[in-house]
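Report on the structure given below.
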Amino acid sequence: MKRTHIHLLPLLLIFIASFSFAQTKNKKYPDPPVGDSKTVYPMKLTDAEWKEKLTTAQYYILRQQGTERSFSGKYDHFYEKGTYYSAASLQPVFSSETKFNSGTGWPSFYAPITPDAVRLVKDNSYGMERWEVVDSKSGSHLGHVFDDGPAPTGKRYCLNSDALIFVPEGGKPPTKSK
């Protein structure tokens, strides 16, 4: 009987180690907060003000939850070092450090620049259950997040190029969307 316990010890240690890893693997990249239809965002503009501030494509994506065609966005196969800002709020939302080629046709990241840069909102449109990614300042639609990304988070933040403004490393943050 004692012998059986000895053989189980390595399995128990592997189980404990993998559970511990699962609990700590995202310490560097914690999940963003969850929002809903009642979430109040600090930046509030009228529909007319949004239309004045944004291009037609930006308005469609950011304010009407649109999606650009896959492989059509300027940031899909774009890998310069820098920061991606929300075209709606002009706040930094993603870094080139977490960008990867997902092969999906949209710019993809495994984590936002900070957990508070975006919020996740449940999206049940088109008969699917998924999580919408919105910027935390204006609640504007950036894309969706899926659980099929690379380590260390396992997340794929699949975004629309027209929802983003890229600023190269060392560059000045954007002052306008258009």
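Throughout, our numbering is defined as the position within the sequence shown, counted from one, plus 1.
Cβ coordinates follow ideal geometry from the N, Cα and C atoms, glycine included.
In this text the structure is predicted, and so the values were computed from the model without any measurement.
Outcome for residue i when other beta-carbon atoms lying within 10 angstroms are tallied against a minimum of 16
| i | result |
| --- | --- |
| residue 71 | exposed |
| residue 29 | exposed |
| residue 104 | exposed |
| residue 33 | buried |
| residue 41 | exposed |
| residue 136 | buried |
| residue 161 | buried |
| residue 101 | exposed |
| residue 156 | buried |
| residue 69 | buried |
| residue 176 | exposed |
| residue 174 | exposed |
Spatially closest choice to residue i from the options, by CA coordinates
| i | options | result |
| --- | --- | --- |
| residue 97 | 80, 86, 41 | 80 |
| residue 50 | 154, 143, 83, 90 | 90 |
| residue 73 | 133, 121, 66, 58 | 58 |
| residue 106 | 144, 116, 46, 82 | 144 |
| residue 170 | 39, 116, 148, 83 | 83 |
| residue 35 | 164, 172, 132, 173 | 132 |
| residue 126 | 65, 46, 172 | 65 |
| residue 78 | 175, 110, 63 | 110 |
| residue 168 | 130, 120, 115, 92 | 92 |
| residue 37 | 148, 172, 120 | 120 |
Separation of residue j from residue i, as counted between CA atoms
| i | j | result |
| --- | --- | --- |
| residue 128 | residue 54 | 32 Å |
| residue 85 | residue 151 | 20 Å |
| residue 31 | residue 118 | 12 Å |
| residue 94 | residue 76 | 14 Å |
| residue 203 | residue 142 | This structure cannot settle anything about residue 203, because the visible part of the chain is limited to 2 through 179. |
| residue 39 | residue 140 | 11 Å |
| residue 124 | residue 164 | 18 Å |
| residue 48 | residue 56 | 13 Å |
Collapsed DSSP secondary structure at residue i in the structure displayed
| i | result |
| --- | --- |
| residue 99 | helix |
| residue 132 | strand |
| residue 123 | strand |
| residue 60 | helix |
| residue 110 | strand |
| residue 87 | strand |
| residue 153 | coil |
Distance CB(residue i)-CB(residue j) smaller than 8 Å
| i | j | result |
| --- | --- | --- |
| residue 205 | residue 122 | Nothing about residue 205 can be read from this structure; the chain reaches only from 2 to 179. |
| residue 154 | residue 88 | no |
| residue 179 | residue 44 | no |
| residue 52 | residue 61 | no |
Residue i Cβ short of 7 Å to the ligand ATP heavy atom set
| i | result |
| --- | --- |
| residue 37 | The ligand ATP is not part of the structure shown, which contains no ligands of any sort. |
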